[in-house]
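So the sequence shown is numbered by the numbering used here: it starts at 2 and just counts up by one. Cβ coordinates follow ideal geometry from the N, Cα and C atoms, glycine included. Encoded as structure tokens, the structure appears first; notes follow it.
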Amino acid sequence: AFSHIKQDPIPPPMARKAELADYHASTLVLGAEHEVYYLPTKLVERSFELFNNLYAVTIVANSGHTYLNGPSGDVFRRHVREFFLAGIEQ
């Protein structure tokens, strides 16, 4: 279907707390309910371990690894829009 796209079936390495020690920006973490690379519950746990500047951690319901299309894509875009608007209002 997408022969021009090369995907590595190996997920990227996990970030380490030390690597993010100097990162202080407000952070929005969005995950998919049916993600193929990780468990959503682990994403939530790991987000709280890594970031002390979380705006929100949200698992988009009824979504998979490529959730930008359809209803779950609308939910994703709403969360991103709210995140950026909240930053503008501060």
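What would DSSP say about residue i, mapped onto helix, strand or coil?
i, result
"T67", "coil"
"D75", "helix"
"A16", "coil"
"P41", "helix"
"A22", "coil"
Beta-carbon separation of residue i and residue j under 8 Å?
i, j, result
"A1", "V58", "Missing from the structure shown is residue 1; the chain here goes from 2 to 91 and no further."
"L55", "S64", "no"
"F84", "L21", "no"
"H80", "L40", "no"
"Y38", "P12", "yes"
So what does residue i bridge to, in DSSP terms?
i, result
"T28", "L55"
"H35", "G65"
"I60", "G32"
Closer than 7 Å by C-beta to residue i: which residues in its own chain qualify, once you throw out the five before and the five after it? Chain order, please.
i, result
"L51", "A16, K18 and L21"
"V76", "V61"
"H25", "N54"
Starting from the C-beta of residue i, find all residues in its chain whose C-beta is less than 6 Å away, skip the five residues before and the five after it, and write them out in chain order.
i, result
"H35", "G65"
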